[in-house]
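Peer 1: Residue numbers (my numbering): 8 to 308. Can you read through this structure? Questions will come right after.
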Amino acid sequence: MDQQLLVFVTVAEKENFSRAAEQLHMTQPAVSQHIQALEREFGTRLLERNNKYVRLNKAGEIVYHHAKEILRLHTRMHDLVDDLMNTPSGNLIIGSSYTFGEYVLPHVIARLRDRYPKIKPTIMIHNTKEIMDLIARRQLDAGIVEGEYQHEKLSIEPFADDEMHIIVSSDHRLAKKEKVTVRELEEETWIVREQGSGTREATDKMFARLELSPTNMMEFGSTQIIKESVEAGMGVSLLSSWAIRKEIRLGMLCIVKLPETPITRKFSLVTQANPFRTKALDIFLDMLRNNEVLPSLVGRV
Numbered sequence: 008m009d010q011q012l013l014v015f016v017t018v019a020e021k022e023n024f025s026r027a028a029e030q031l032h033m034t035q036p037a038v039s040q041h042i043q044a045l046e047r048e049f050g051t052r053l054l055e056r057n058n059k060y061v062r063l064n065k066a067g068e069i070v071y072h073h074a075k076e077i078l079r080l081h082t083r084m085h086d087l088v089d090d091l092m093n094t095p096s097g098n099l100i101i102g103s104s105y106t107f108g109e110y111v112l113p114h115v116i117a118r119l120r121d122r123y124p125k126i127k128p129t130i131m132i133h134n135t136k137e138i139m140d141l142i143a144r145r146q147l148d149a150g151i152v153e154g155e156y157q158h159e160k161l162s163i164e165p166f167a168d169d170e171m172h173i174i175v176s177s178d179h180r181l182a183k184k185e186k187v188t189v190r191e192l193e194e195e196t197w198i199v200r201e202q203g204s205g206t207r208e209a210t211d212k213m214f215a216r217l218e219l220s221p222t223n224m225m226e227f228g229s230t231q232i233i234k235e236s237v238e239a240g241m242g243v244s245l246l247s248s249w250a251i252r253k254e255i256r257l258g259m260l261c262i263v264k265l266p267e268t269p270i271t272r273k274f275s276l277v278t279q280a281n282p283f284r285t286k287a288l289d290i291f292l293d294m295l296r297n298n299e300v301l302p303s304l305v306g307r308v
C-alpha cells in the first residue's frame with residue numbers, strides 16, 4: 008500500500024507518468040500498474056488522463072490529501088524507531104516566521120549541522136498564521152512564531168525575547184533628534200507587514216498603545232523590502248533588532264528614540280502535542296531553549 012501511495016502522490020505532483028517513473032526509478036508500465044491497483048482498491052478512477060496532462064479528480068484529491076499524511080507518518084515512524092539505535096539523523100522540517108527564519112534560524116542550523124551532520128534540516132518561511140496551520144496539519148516538525156498563542160492541538164512554548172525598534176533612514180529628519188513625539192511619527196508614512204504577520208501584530212499593538220493613527224501606510228510582504236524602502240527614505244517602520252543589526256552597525260538605518268520603545272515581544276516554539284519526537288527534533292529544540300546562538304546575535308545590534 009505504501010508503494011502504491013508513493014507512486015500515486017508522485018504522479019499527482021508531476022502530472023505525468025513518465026516524469027514520475029523517472030523520479031521513482033521505475034518503468035512507466037510499473038507506475039501505471041500501481042495506479043491501476045490503487046484505483047481498483049477504491050473502486051473508482053482517481054486521475055483524469057489525456058495526451059497532454061494527468062490531473063486529480065475529486066476522488067483523487069481526497070486520496071492525495073490523506074496519502075501525503077500517511078507517507079509523512081510512515082517516515083516519522085521509521086525515524087523514531089531508528090533513533091532508538093543510532094546517532095541523531097534524518098529529516099527535520101522546520102517552519103519559521105520571516106524575522107526569525109531569515110535572520111536567526113540560519114545561524115542555529117549552521118550550529119546544528121556542525122555538530123550533527125547526519126541531520127538534514129529543511130526550512131520553510133511563512134507568516135505566523137500559516138506556520139501554525141501547517142503544524143496543526145502535521146506538515147512541519149516544529150515552528151518558530153512571533154508572539155504568544157494558545158492552540159488545543161499544539162504545544163506552544165515561549166523561549167526568547169525580541170526587542171523591536173522604530174527605524175528611519177540615516178539621513179531622515181528624525182534620525183538625529185534626541186526626542187521624538189507620537190504626533191511627529193503620526194505624520195510619517197508607515198511601512199508595515201501584511202495581516203497575519205507577527206511583526207504586523209506587534210506594530211498594530213504599538214499603534215493602539217501609543218494612540219498613534221498614521222495617515223499614510225504601505226503594506227509589504229517582506230521584511231527585506233521594508234528595510235530597503237526605509238533606507239531609501241520612503242517612510243518609517245517597526246522591526247526586530249535581529250533584522251536590523253547589520254544596517255544599524257553600518258549606519259544605513261537609525262533607531263528613533265521614543266520613551267515607549269523598544270517594544271518587547273516573545274518568540275515561541277510550536278510543536279505537535281505529542282510525546283513521540285525524533286532525536287533530531289529534541290536536539291534542535293534544546294539548542295533554542297538553551298539560547299546557544301541568540302545572545303551573540305543580539306550583541307551585534
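No residue lacks a Cβ here, since even glycine has one placed at the ideal position from N, Cα and C. Treat the numbers as computed from the prediction; the structure is a model and nothing was measured.
1. Looking at the structure shown, is Ala-239 part of a helix, part of a strand, or coil, going by DSSP?
2. Taking three-plus beta-carbon pairs below 8 Å as touching, is the region 129-138 in contact with the region 190-209?
3. What are the complete beta strand (DSSP E) segments, minimum 3 residues, inside the region 255-304?
4. Beta-carbon within less than 7 Å of Arg-145's beta-carbon, same chain only, minus the 5 sequence neighbours each way: which residues are those?
5. Using the Cα positions of Pro-269 and Arg-120, report the straight-line distance between them to the nearest angstrom.
6. Which partner residues of Ile-174 appear in the DSSP bridge assignment?
7. So, at 8 Å on beta carbons, what are the nonlocal neighbours of His-81 in its own chain, with the 5 sequence-adjacent residues on each side left out?
8. Assign Asp-86 to one of two classes, buried (16 or more other C-beta atoms within 10 Å of its C-beta) or exposed (fewer than that).
9. Can the beta-carbon of Ser-187 be found less than 8 Å from the beta-carbon of Leu-265?
10. Short check: CB of Ile-173 to CB of Leu-63, under 8 Å?
11. Quick check on Asp-140: does DSSP put it in helix, strand or coil?
12. For Val-189, name the three-state secondary structure that DSSP assigns.
13. Taking DSSP as the reference, what is the three-state secondary structure of Phe-107?
14. What whole-angstrom Cβ distance do Ile-130 and Ser-104 have, given they're in contact under 8 Å?
15. Which class does Arg-26 belong to by DSSP, given the choice of helix, strand or coil?
16. What number of angstroms, rounded off, separates the C-alpha of Glu-191 from the C-alpha of Lys-234?
17. Mind the definition here: the region 218-230 touches the region 257-264 only if three or more C-beta pairs lie below 8 Å; say whether that holds.
18. Check whether the Cβ atoms of Leu-54 and Ile-42 sit closer than 8 Å, and answer yes or no.
19. What does the alpha-carbon distance come out to for the pair Leu-147 and Ile-100?
20. From this set, Leu-12, Ser-247, Ile-116 and Val-115, which residue's C-alpha is nearest His-72's C-alpha?
21. Let me know the secondary structure DSSP gives Asp-148 once reduced to three states.
22. With DSSP collapsed to three states, give me the class of Lys-125.
23. Where does Arg-79 sit, in a helix, a strand or coil, going by DSSP?
24. I need the DSSP call for Phe-227, collapsed to helix, strand or coil.
25. Check each candidate in Lys-160, Arg-122 and Gly-154 and name the one with the smallest Cα separation from Ile-142.
26. Measuring straight from C-alpha to C-alpha, what distance separates Glu-185 and His-179?
27. Would DSSP call Gly-67 helix, strand or coil?
28. Taking all protein chains shown into account, do 16 or more other C-beta atoms lie within 10 angstroms of the C-beta of Gly-306, making it buried, or fewer, making it exposed?
Peer 2: Taking the structure as given:
1. coil
2. yes
3. 260-262 and 270-279
4. Glu-76, Arg-79 and Gln-279
5. 33 Å
6. According to the DSSP secondary-structure assignment, Ile-174 is paired through a beta bridge with Ser-244 and Ile-262.
7. Cβ contact annotation for His-81 (same chain, cutoff 8 Å, sequence separation greater than five): Asp-9, in chain order.
8. buried
9. The identity of residue 187 in the sequence shown is Val, whereas the question assumes Ser. For Val-187 and Leu-265, yes; Cβs fall inside 8 Å.
10. no
11. helix
12. helix
13. helix
14. Their Cβ separation, rounded to whole angstroms, is 12 Å, which puts Ile-130 and Ser-104 out of contact at 8 Å.
15. helix
16. 20 Å
17. no
18. Against a cut-off of 8 Å, the Cβ pair of Ile-42 and Leu-54 comes out as a contact.
19. 5 Å
20. Nearest C-alpha to His-72: Leu-12.
21. When DSSP states are grouped into helix, strand and coil, Asp-148 belongs to the coil group.
22. coil
23. helix
24. Coil.
25. Lys-160
26. 13 Å
27. Looking at Gly-67 - three-state DSSP - the assignment turns out to be helix.
28. In this predicted model, Gly-306 has a pLDDT of only 45, less than 50, meaning its place in the structure is not dependable; the value taken from the coordinates is given anyway. Its Cβ having fewer than 16 others within 10 Å, Gly-306 is exposed.
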